[in-house]
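Participant: What follows is a single structure, and I will ask about it in a moment.
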Amino acid sequence: MKTLVLSKMDVPGLVEALGETARLIGPRKKEHQFVFGQITKPEQLALEYPTTILPPSRQLFPNDEPLVRLRLDDVAASREIVEGEKTILLGVHPCDVQGINILDEVFSDSPPDANYLTRRSQTIIIALECQAPCSPYNLCFDKGTYRLEWGYDLLMIDLGDRYFVFTRTGAGEELIGDLPFFRAATPADREALGRARETQAGSFKTRLAGPVNRLPNALKEAYDDLLWEAVGRRCLSCETCTNVCPTCYCFDVADEVELDLVNGTRCRQWDSCQSCTFAEVAGGENFRPRPSERQRHRLFKKEVYQYEKYGRSACVGCGRCSAQCVASIRLNEMYNQVLGG
Amino acid sequence: MKGYEINVHHITRIEGHGNLVVNVKDGHIEELRLEIVESPRFFEAMLEGRRYDEAPWITARICGICALGHTTASILAAEDALGIEPDEETVLLRKLLVDGETLQSHILHLYFLVAPDFFNAGSVIPLAETHPEVVKRALRLKKMANASVETLVGRKVHPIGMMPGGFRRWPLPEEIGEVKRLLLEAREDLTATVELFRRLDMPPLRRDETEYLALREDGEYALYTGQIASSLGTISPPRTYRDRIHETVAPHSSAKHVSAERDSFAVGALARYNLNHDRLRPWAKAVAAELGLEPPVTNPFHNNTAQLVEILHCYEDALELCDQLLERPNGDHRIQEPTRHGRGVGASEVPRGTLYHDYRIDESGRITEANCIIPTGQNLANIEADMRQVVSDMAGGEPNDIQQRLEMLVRAYDPCISCSCHFLDVEFV
Amino acid sequence: MLDTAPISRKSLFVPEAARILDVEPLTAREKLFRVSLNDRPLGHRPCQFVEVSIAGIGEAPISVSSSPASSEIFDLCVRDVGTLTQAMHRLEPGDRIGIRGPYGNGFPVEKIIGKDLLFVCGGLGLAPLRSLILHCIENRASFRRLTVLYGAKRPSERLYREELAAWAKDERLDLRETVDVPEEGWTGNVGVITTLFRAVEVDPLETVAVIVGPPVMYKFAVLELLQRGIMESRIYMSLERRMRCGLGKCGHCQMNGIYVCQEGPVFCYSDVKKVKEAL
Amino acid sequence: MKPKVGVFSFTSCEGCQLTILNLEDEMLDLLGAIEIVNFREAIDERGHEYDVAFVEGSITTPEEAEEVREIRERTKILVALGACATLGGINAIKNRHDLHQVRRKVYGDGAHHFPTEATQRVRDVVPVEYEMHGCPISKREFLQVTKTLLLGRVPRPSPHAVCTECKTAGNVCLFDKGICCLGPITRAGCGAICPTYGGDCVACRGLVDEPNLASMIEIMKSKGMSRQEVEDRLTQFNTLEPVDLEPHFSS
Ligand SMILES: Cc1cc2nc3c(=O)[nH]c(=O)nc-3n(C[C@H](O)[C@H](O)[C@H](O)COP(=O)(O)OP(=O)(O)OC[C@H]3O[C@@H](n4cnc5c(N)ncnc54)[C@H](O)[C@@H]3O)c2cc1C
Ligand code: SF4
Ligand code: SF4
Ligand code: SF4
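One line per chain: the protein sequences are V, Y, G and C, in this order.
Heads up: the first sequence at position 303 corresponds to 308 in the working numbering, and the numbers run straight through without jumps.
Heads up: the second sequence at position 268 corresponds to 1096 in the working numbering, and the numbers run straight through without jumps.
Heads up: the third sequence at position 213 corresponds to 319 in the working numbering, and the numbers run straight through without jumps.
Heads up: the fourth sequence at position 122 corresponds to 124 in the working numbering, and the numbers run straight through without jumps.
Encoded structure:
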């Protein structure tokens, strides 16, 4: 691990240099909010942002992703489409980095998903630590996801006029190799880093009524709680909560055909466990017909099922689902109810 | 001359449903009408009680092809009624959109609805085989016009985001740049279009009595707004439209006819050309001169030629507007709020002529009374008068030829029957 | 950057071409397809399934209905309910389809050796279960009693009618059938499947039961079996869920935390009785 | 043989068939795949038997009802095209008025010459295989559905809400700007084009299969919308799907 310093004045230069080596994706302003998008000019980059509408993990798991090139007249001519190009995700907040790490785990799990992993293996993550909570809903402090130990290539921490930069991987070091924008950190920089981190720690607060590690059991105990009914009555099943989640990955697969009716593509689309037909089988049986059951499934999937399978919660506390829910269904409030807060 | 009957149920290649009925006995026209058989839609009644900002959205649905025009006229009426002053950029952007609408409508009309007549084809479909380069060019041009509107307001049919006071979403500079790029790319195809239509001979027809009405604006070829001007010399503001033009019920057909100083008048590309040709942009002006379009032009078939000229004008105008918009800072475009309430009239030139929307709006922003006067309705009486001329000019000709000529004539006016039937109904023949 | 471990980078979504050798209508709604992959035997276990696809139409999970012993040529029994299945019904011998799989855990045949076997199946449930029944008939010596209870809605909706007739005469197994709605010529039992249980003798300590049928059937059948004293750990079932990938990713088949396509479709009752979304 | 396709239009703005004509990039391929035998707006010829009939517009007169029945008899598959045909759409707003008065208002004393019936959806008159929603229809969906039909099957309508497409587009939610939007209860398929261009969704594609109207109305109320405003919004395109607002606004 190297410790370096990048002056903010050099960010435009860095953006241009990075843009020459790879597809550069970073936060951009959209109306009064932010989205991850391609950065082709330094002024498009908006590193000081609270959070984005969609998480950066969706860049690695795009909607309508082609999987197989099809010939309608010959199945034997089916060819895989496994695509990826060198990509740099710049300015990714810690919770979102961990969201990507969770997708990595899911898609590497046997049998591994070549489509995701190919794209992922060509992606470099430059993380950016947050200085303060981004919304009234985020749970990153409780979840311990407001800082990062691994899962990134480079990590930037804002020191006012400059960024403190940690390198984590060889790929990260290689990326900035000979670029003239970085210098080794001095003791003064380290001191500044220490101060910045202190301020940062002070600005994050717990929002949960109990320790986060009680969540899996508390939820299990609340499986039949009336809470789900109350939430279900409000839920519109619009799927926003899952679409904006950094760790949601459910999908549907469908064929698209060209007008020649000979060539086609098998694609996967984002899908959501909140959709009313998600668990419906032929014959009309629906295994999760009610919004209350679907909302419960969402929380259980994050906190119980994924936890039991991979040893950690799949909610990274980014707060997007709560912030963007039209029906004001708030994850932290639901957690607090089951934690007895 | 023997007698004959022409009875065309649902004329094709026009917007909406119209019937043509001609009955000639012993050289005498017994019956002659252009019937509107579209079902009545009662838009004026539907507007009552709705909020003013819903009106553009609802009235766009009067007609898919003139949707942007209705949206514009509706916005102008509401703004007039409510004392809303849109900012300068908003006006520029609306003008750009109006240019886009005119481009697309004229291109569609000339290439898809008119050209088959000249190539002796039933439609553009067989043309795809006999004249693929023409059809491909037509598609490219139409796409250019559609895409420029879609880039700015999402959709050509029922544009999104236009509303009284401004735009719900202001286009990004790169989107305006994209429109400019699309336009620039089309120059060659436009040149080829001029060449193509230069070769087509418009049938002769002379009827000097036609009065032409169009909006007229200082310093520009009026499309977006203007004063009501007549080829007979009068000019007055939009609010006077009720005094200027009169709706009458033609006894033989339930289609309401409209007259001004004379029994009938014409609106549309040719009317605008006759009244405002001095304000055309250079390329359009040059081509008009080249084509020998000596104003005043009284052959209604030359409405097609005037459309061609307007295509060039709108093209140049749109480019200019893109530049103006790009030069301005992409600032905060607030939607302007009402400052009063009452009655307001919006008059705008849509591809087929002057469109009037007239609303009374109460203090809660709801419409209490509405009236819309549509270009095709204004042209109907004049079309029938021209039809009579064709029938007498061609006396002794084959009924088939006469019928074809009459259909061409109706098409030359580019009637939009979806629009005109917002309040009309007739029985099937 | 993610460690690029030397795992296969080949997409798991590419189907293999398979040829339809024969199509046989079983009922008005089900057809039997004899299928062969180009380059290999399918190599399936009983109750596994494959993802069948037709290019341009889509994919669906379909159980392999034939015995594992003969997987050069395997059987798919398909009911025309939707997109893929209806398109499949239009196919003819010589046509090709795409196959991925086999997927799923399949039936743990080693665990039932030496036991009395009681198969309870309803409707289309016979399609997957047939692979297991055939396996047991072929390896008859490894098992004790073989009882098959089969319930269909109507006599005309019974699958594999010729085979059922043969089984009825076959001394190696005891087949009992029932229908919900009788039709002309039906002389057999009428009533829901649980009515068959009463007539069957079971040795609760030695019996392994396997249930496959429509979703509503499981609860009743399990209850009946438990009442007959069969141990929870000896009741197996194959569960159907919506599936889009068959690879444990798409999320559709999850019942609580369990991916049916990976950990199922065959489950032991003792393992799923606490899984609230299972039954 | 290429499948024969007819495009028909009843009470409508013809914007849906115009949307088909606006498929510039695909037009030649489309003409390669199908034979258009009736499309009054674009061509002269008229055919008689159809594999697919696309029917645009609401049914508002007895003649139209008769004609659509005739089309039904001559086609294998009938697709209702656009909100007019699938929901009654804007045309159905008049059903909210006393039809007698509507006529009187427009025609004065001559009203009795102009019979008008209540606006009907196509499916109110004849069976329909597929309803392609939208005002206007979306080009993408038109192509998708046409291709699916050409492959011999009738597609299934999207189970998702407009919000899913809005999120996919990465839009700033209108609720975040204080604007009420019906995206959460409206059937997807338009690509959330209105929110993308700054307009709120007014449900021109009809409601999802299981709309949680009670919750949606409460949300609109909580944003300060009056009963009248909620009603306007919910009935702009969906007059024929009446909603009882009483329980939410009484008290
Ligand atoms: C492990 C497993 C094994 C299986 N084995 C078999 C087997 O051996 N044989 C077999 O036949 N099936 C089997 N199935 C079931 C089969 O996978 C489903 O029937 C599958 O949905 C069929 O796919 P499809 O594309 O034909 O149907 P889909 O198009 O996906 O339709 C699924 C459901 O949607 C409904 N639907 C379709 N179109 C519409 C519409 N336009 N409007 C409203 N509803 C509509 C259908 O009625 C049906 O209920 C199995 C399923 C699983 C999970
Ligand atoms: S649905 Fe809309 S676009 Fe289509 S015809 Fe009706 S009003 Fe026009
Ligand atoms: S703008 Fe409308 S469609 Fe988009 S997310 Fe918000 S509520 Fe849904
Ligand atoms: S966003 Fe809503 S109103 Fe707009 S096209 Fe889609 S469904 Fe119709």
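Glycine included, C-beta positions come from ideal geometry on N, C-alpha and C.
Ignoring anything shorter than 3 residues, give me the beta strand (DSSP E) runs that lie fully in the segment 1159-1231 of chain Y, in order along the chain.
Facilitator: Listed in chain order, they are 1170-1178, 1181-1189 and 1195-1201.
Participant: Leu153/C versus chain G: which residues are under 9 Å apart at the beta carbon?
Facilitator: Numbered from 1 along the fourth sequence, position 151 holds the residue referred to as residue 153/C. Result: Gly162, Ile163 and Ala193.
Participant: Under 7 Å from any heavy atom of ligand 4, does the C-beta of Cys137/C make it?
Facilitator: The sequence position of residue 137/C within the fourth sequence is 135, counting from 1. Answer for Cys137/C: yes, Cβ within range of ligand 4.
Participant: Any beta carbon from chain C within less than 8 Å of Val962/Y's own beta carbon?
Facilitator: Within the second sequence, residue 962/Y is the residue found at index 134, counting from 1. So no, Val962/Y is outside the interface.
Participant: Within 8 Å of any Cβ in chain V, is that where the Cβ of Pro5/C sits?
Facilitator: For this step, residue 5/C is matched to residue 3 along the fourth sequence. Not one chain V Cβ lies under 8 Å of Pro5/C.
Participant: With burial defined as no fewer than 16 other Cβ atoms inside 10 Å of the residue's Cβ, what is the status of Val287/G: buried or exposed?
Facilitator: Translated into positions along the third sequence, residue 287/G becomes position 181. Result: exposed.
Participant: So the candidates are Phe292/V, Phe171/V and Ser280/V; which of them puts its Cα closest to the Cα of Ala384/G?
Facilitator: Locating residue 384/G in the third sequence gives position 278, counting from the first residue. Selected option, being the one with the closest Cα: Phe292/V.
Participant: Please classify Trp155/V as buried or exposed, where buried requires at least 16 neighbouring CB atoms within 10 angstroms.
Facilitator: Taking the first sequence and counting its residues from 1, the one referred to as residue 155/V is at position 150. It is exposed - the Cβ of Trp155/V has fewer than 16 other Cβ atoms within 10 Å.
Participant: Work out the CA separation of Met3/C and Lys173/C for me, nearest whole Å.
Facilitator: Reading the fourth sequence from its first residue, position 171 is the one you call residue 173/C. Reading the fourth sequence from its first residue, position 1 is the one you call residue 3/C. Here the sequence assigns Asn to residue 173/C, which means Lys is not the residue at that position. Going from the Cα of Asn173/C to the Cα of Met3/C covers about 44 Å.
Participant: What's the C-alpha gap between Ala1198/Y and Pro987/Y?
Facilitator: Sequence index remark: in the second sequence, residue 1198/Y carries index 370 (1-based). Sequence index remark: in the second sequence, residue 987/Y carries index 159 (1-based). When rounded, the distance between both Cα atoms is 21 Å.
Participant: Considering just the uninterrupted stretch of the beta strand (DSSP E) at Glu136/G, what are its terminal residues?
Facilitator: In the third sequence, residue 136/G corresponds to position 30, counting from 1. Where Glu136/G is concerned, the enclosing beta strand (DSSP E) stretches over Glu136 to Leu143.
Participant: Apart from the five residues on each side of it in sequence, which residues of its chain come closer than 7 Å, Cβ to Cβ, to Arg125/V?
Facilitator: In the first sequence, the residue the question calls residue 125/V occupies position 120. So the list reads Leu65 and Asp109, once near-sequence residues are dropped.
Participant: Is the beta carbon of Gly84/C closer than 8 Å to that of Cys18/C?
Facilitator: One-based indexing of the fourth sequence puts residue 18/C at position 16. One-based indexing of the fourth sequence puts residue 84/C at position 82. Against a cut-off of 8 Å, the Cβ pair of Gly84/C and Cys18/C comes out as a contact.
Participant: Since Val258/V and Arg239/V are thought to touch, with beta carbons under 8 Å apart, how far apart are those beta carbons, to the nearest angstrom?
Facilitator: Locating residue 258/V in the first sequence gives position 253, counting from the first residue. Locating residue 239/V in the first sequence gives position 234, counting from the first residue. Actually they are not in contact, since the Cβ atoms of Val258/V and Arg239/V sit about 31 Å apart, beyond 8 Å.
Participant: Between the Cα of Ala201/V and the Cα atoms of Thr123/V, Gln274/V, Arg152/V and Ala332/V, which residue gives the shortest distance?
Facilitator: Here residue 201/V refers to the residue found at position 196 of the first sequence. Closest by alpha carbon: Arg152/V.
Participant: Just to confirm, is the Cβ distance from Val3/V to Pro61/V under 8 Å?
Facilitator: Because chain V in this structure spans residues 6 to 346, residue 3/V falls outside the shown range and cannot be described.
Participant: Could you list which residues in chain C have their beta carbon closer than 7 Å to that of His986/Y, in chain order?
Facilitator: Sequence index remark: in the second sequence, residue 986/Y carries index 158 (1-based). What His986/Y touches in chain C: Gly17, Cys137 and Pro138.
Participant: When you compare only the Cα positions, how much space is there between Ala94/C and Thr241/C?
Facilitator: The count along the fourth sequence starts at 1 and reaches residue 94/C at position 92. The count along the fourth sequence starts at 1 and reaches residue 241/C at position 239. Rounded to the nearest angstrom, the two C-alpha atoms are 6 Å apart.
Participant: On a CA-only basis, which of Val343/V, Ser12/V and Glu36/V is nearest Cys175/C? Give me that one, please.
Facilitator: As a position in the fourth sequence, residue 175/C is number 173, starting the count at 1. Considering only alpha carbons, the answer is Glu36/V.
Participant: Distance check for Lys217/G and Leu240/G, CA to CA, integer angstroms please.
Facilitator: Stepping through the third sequence from its first residue, residue 240/G is reached at position 134. Stepping through the third sequence from its first residue, residue 217/G is reached at position 111. So the alpha carbons of these two residues sit roughly 17 Å apart.
Participant: In angstroms, rounded to a whole number, what distance separates the CA positions of Leu304/V and Gly42/V?
Facilitator: On the first sequence, residue 304/V is found 299 positions in, with the first residue counted as 1. On the first sequence, residue 42/V is found 37 positions in, with the first residue counted as 1. Going from the Cα of Leu304/V to the Cα of Gly42/V covers about 29 Å.
Participant: Checking contacts by CB at 8 Å: is Glu243/C closer than that to chain Y?
Facilitator: Translated into the one-based positions of the fourth sequence, residue 243/C becomes position 241. It does not; no Cβ of chain Y falls within 8 Å.
Participant: Just to confirm my understanding: we take Met218/C, look at its own chain, exclude 5 residues before and 5 after, and list those with CB closer than 8 Å. What are they?
Facilitator: For the purposes of this step, residue 218/C is taken as residue 216 along the fourth sequence, with counting starting at 1. Once the five neighbours on either side are set aside, the close Cβ partners of Met218/C are Leu184, Pro186 and Ile187.
Participant: What do you get for Val40/V, buried or exposed, if any count of 16 or more other CB atoms within 10 angstroms of its CB means buried?
Facilitator: Numbered from its first residue, the first sequence carries residue 40/V at position 35. Classification of Val40/V: buried, given that the 10 Å Cβ count is 16 or more.
Participant: With a threshold of 8 Å on Cβ separation, who are the neighbours of Tyr1069/Y within its own chain once the five nearest residues in sequence on each side are excluded?
Facilitator: Position 241 of the second sequence, counted from the start, is the residue given in the question as residue 1069/Y. Here the set comprises Ile1056, Val1173, Ala1175, Tyr1184, Asp1186 and Ile1201.
Participant: Could you spell out where the beta strand (DSSP E) holding Arg33/V opens and where it closes?
Facilitator: Start at 1 with the first residue of the first sequence, and residue 33/V comes out as number 28. Unbroken beta strand (DSSP E) run through Arg33/V: Arg28 to Lys35.
Participant: Can you name the residues of chain C whose CB is closer than 9 Å to the CB of Asn974/Y?
Facilitator: Indexing the second sequence from 1 puts residue 974/Y at position 146. Result: Asn24 and Glu26.
Participant: Does the Cβ of Leu198/V lie closer than 7 Å to at least one heavy atom of ligand 1?
Facilitator: As a first step, residue 198/V is located in the first sequence; it is residue number 193 there, counting from the start. It does not: the Cβ of Leu198/V is nowhere closer than 7 Å to a heavy atom of ligand 1.
Participant: So is Gly993/Y buried or exposed if we call it buried at 16+ other beta carbons inside 10 Å?
Facilitator: By one-based count along the second sequence, residue 993/Y stands at place 165. Buried.
Participant: Give the interface partners of Ala332/V over in chain C, defined as CB-CB distance under 7 Å, in chain order.
Facilitator: The sequence position of residue 332/V within the first sequence is 327, counting from 1. Under the 7 Å cutoff, chain C gives Ser217 and Ile221.
Participant: Rounded to whole angstroms, what's the CA-CA distance from Leu1028/Y to Asn851/Y? Just pull it up for me.
Facilitator: For the purposes of this step, residue 1028/Y is identified with residue 200 of the second sequence, where counting begins at 1. For the purposes of this step, residue 851/Y is identified with residue 23 of the second sequence, where counting begins at 1. Rounded to the nearest angstrom, the two C-alpha atoms are 30 Å apart.
Participant: Please list, in chain order, the residues of the segment 79-105 of chain C that have any C-beta partner in chain Y closer than 7 Å.
Facilitator: Within the segment 79-105 of chain C, the residues whose Cβ lies closer than 7 Å to some Cβ of chain Y are Ile92, Asn93, Ile95, Lys96, His99 and Val104, listed in chain order.
Participant: Give the single residue among Cys182/C, Val70/C, Leu145/C and Phe239/C whose Cα lies nearest to the Cα of Phe10/C.
Facilitator: Locating residue 10/C in the fourth sequence gives position 8, where the first residue counts as 1. Minimum Cα distance to Phe10/C is reached at Val70/C.
Participant: Specify, as a first and last residue, the run of the beta strand (DSSP E) that Val254/G falls within.
Facilitator: Counting from 1 along the third sequence, the entry for residue 254/G is found at position 148. Where Val254/G is concerned, the enclosing beta strand (DSSP E) stretches over Leu252 to Ala258.
Participant: For Phe1129/Y versus Leu1033/Y, is the C-beta distance shorter than 8 Å?
Facilitator: As a working note, residue 1129/Y is residue 301 in the second sequence. As a working note, residue 1033/Y is residue 205 in the second sequence. Result yes, Cβ atoms of Phe1129/Y and Leu1033/Y sit closer than 8 Å.
Participant: Nearest CA to the CA of Leu1024/Y: which residue from Thr1126/Y, Pro954/Y and Thr1133/Y?
Facilitator: In the second sequence, counting from the first residue as 1, residue 1024/Y sits at position 196. The shortest C-alpha separation from Leu1024/Y is found at Thr1133/Y.
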